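**Q**
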């Protein structure tokens, strides 16, 4: 079994991990600065929300139109190009007198291109480590992204108290530029995973092929819907707990990190398969108890337990890699990532509407029950996908 020490002994993994972490810091810091600036200039809650969530929708559009480039282009060159585009867009945000509309167009347009980078990154990761080590590698990158996202928001909030928004944009651009350098000089170039031209038609063809497979469809739904419903629950933690909502969010972060590290590091592929059903149910079951109106400390324990269930996604992503032809892995992993992020945004909006119609605790219970129901319906299909992924005779 691959250890963390062995994983970080791989120079290419170190470069990919570091580049991803720096990119996360730059994007989260700049998104907070943009939301602050747009709200200050317009006073519009809608435009402020677009500044924060608009990139997720743009990434979904990129996933369904451009993602074939994730496999048909040299990975290092593509990651460097995407990083350079992001850096240039951040540098343009520094320009004085730029209005809200151009700023939003910049961030949404950049997110459309960044979607390809996500597919390239996850596809490259599947090549850098042995097949059985992918969950550990993925959980390590996920943990770093989560930790550096928190750090980015915290740093952004602190910096905005002592610097102007344009100065924060300049710092974010500098961090993004460092990430580009890490990827350029830390990764060796590899050939594309498949030949052929990238484009909208090729992306749509690949998407049709992937969605024509029952196991792939089941895995994509399992990775997007139950998790998305629970993210909707998280959107209600502040309405539920008020000023102590941060306790619940912090408990969720601890639970998710713990689950990822334990499942990714200590469980074998067979153990991940056997524990997957339990983890999927754990993701939502504790949150159903919000119907009882638990105190904030009790709710924090329930949230931490539930968030450990996010680790079910590691095995599902492992099966998705095994079931996907090598020439389409970047596309399908990028598609899954973009669909998951978009679904989380949609379910967060749904949660807000439910929270207004019901109580926050009641809305959490409804969403968690929905997540449980979807997981139970998907259980037979996921068992088939797991067995198919274990079949050495499968066609890839």
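In the numbering used here, the protein residues as written are 2 to 397. We treat Cβ as the ideally placed atom computed from N, Cα and C, and that holds for glycine. Computed from a predicted structure; not experimentally measured.
#1: Taking residue 95 as part of the alpha helix (DSSP H), name the residues at either end of that continuous run.
#2: Among 345, 302, 295 and 278, whose alpha-carbon lies nearest the alpha-carbon of residue 379?
#3: Classify residue 122 as buried or exposed, calling it buried when 16 or more other Cβ atoms lie within 10 Å of its own Cβ.
#4: Looking at the secondary structure, which residues open and close the alpha helix (DSSP H) in which residue 287 lies?
#5: Alpha carbon to alpha carbon, what distance is there between residue 343 and residue 94?
#6: Rounded C-beta distance between residue 319 and residue 135? I'm assuming under 8 Å.
#7: Secondary structure at residue 68, three-state DSSP: helix, strand or coil?
#8: What did DSSP end up calling residue 14 once you bin it into helix, strand or coil?
#9: Please state whether DSSP places residue 330 in a helix, a strand or coil.
#10: Would the beta-carbon of residue 240 fall within 8 Å of that of residue 356?
#11: Who are the near neighbours of residue 283 in its chain, counting only those whose CB is closer than 6 Å to its CB and skipping five residues on each side?
#12: Does the distance from the C-beta atom of residue 63 to that of residue 114 stay below 8 Å?
#13: Below 8 Å between beta carbons: does that hold for residue 221 and residue 340?
#14: Within the stretch 132-213, note down every full alpha helix (DSSP H) run reaching 4 residues or more, in order along the chain.
#15: Identify, in the order they occur along the chain, each residue of the same chain with its Cβ nearer than 8 Å to the Cβ of residue 393, setting aside the five sequence neighbours on each side.
#16: I'd like to check one pair, residue 29 with residue 150: are the Cβ atoms closer than 8 Å?
#17: What is the rounded straight-line gap between the Cα of residue 91 and the Cα of residue 178?
#18: Below 8 Å on the Cβ atoms is my guess for residue 304 versus residue 140; work out the distance and round it to an integer in Å.
#19: On the CB-based measure, 16 or more other CB atoms within 10 Å of its CB, does residue 391 come out buried or exposed?
#20: My understanding is that residue 98 touches residue 254, with C-beta atoms under 8 Å, so please give their C-beta distance in whole angstroms.
#21: So does the stretch 98-108 actually touch the stretch 36-43, counting three or more Cβ pairs closer than 8 Å?
#22: If I follow the unbroken alpha helix (DSSP H) through residue 372, where does it start and stop?
#23: Taking all protein chains shown into account, do 16 or more other C-beta atoms lie within 10 angstroms of the C-beta of residue 212, making it buried, or fewer, making it exposed?
#24: Return helix, strand or coil for residue 130, following the three-state DSSP convention.
#25: Check this for me: beta carbons of residue 273 and residue 242, under 8 Å apart or not?
#26: Buried or exposed for residue 299, please, with buried defined as at least 16 other CB atoms from any protein chain shown within 10 angstroms of its CB.
#27: Quick check: what's the CA-CA separation for residue 144 versus residue 313?
#28: Using 8 Å for Cβ pairs, my map puts residue 229 next to residue 60. What's the rounded Cβ distance?
#29: Tell me, to the nearest whole angstrom, how far the beta carbon of residue 192 is from that of residue 72; I am working on the premise that it is less than 8 Å.
#30: Identify which residue in 89, 164, 249 and 4 has its Cα closest to the Cα of residue 362.
#31: Here's the rule: buried if 16 or more other CB atoms are within 10 angstroms of the residue's CB, otherwise exposed. What is residue 68?
**A** Taking the geometry as given:
#1: Taken as a continuous stretch (DSSP letters only), residue 95 belongs to no alpha helix (DSSP H), as it is neither H nor E.
#2: 278
#3: buried
#4: 286-289
#5: 24 Å
#6: 6 Å
#7: coil
#8: helix
#9: helix
#10: yes
#11: 310
#12: yes
#13: yes
#14: 135-163, 166-187 and 201-212
#15: Confidence is the limiting factor: at residue 393 the pLDDT is only 49, short of 50, which leaves the residue's position unreliable and the question unanswerable from this model.
#16: yes
#17: 10 Å
#18: Contact flag wrong, Cβ pair sits at about 20 Å.
#19: exposed
#20: In fact, because the Cβ distance is near 38 Å, the residues do not count as touching under 8 Å.
#21: yes
#22: 361-391
#23: exposed
#24: coil
#25: no
#26: exposed
#27: 15 Å
#28: Actually they are not in contact, since the Cβ atoms of residue 229 and residue 60 sit about 15 Å apart, beyond 8 Å.
#29: Not confirmed; about 11 Å, so no contact.
#30: 249
#31: buried
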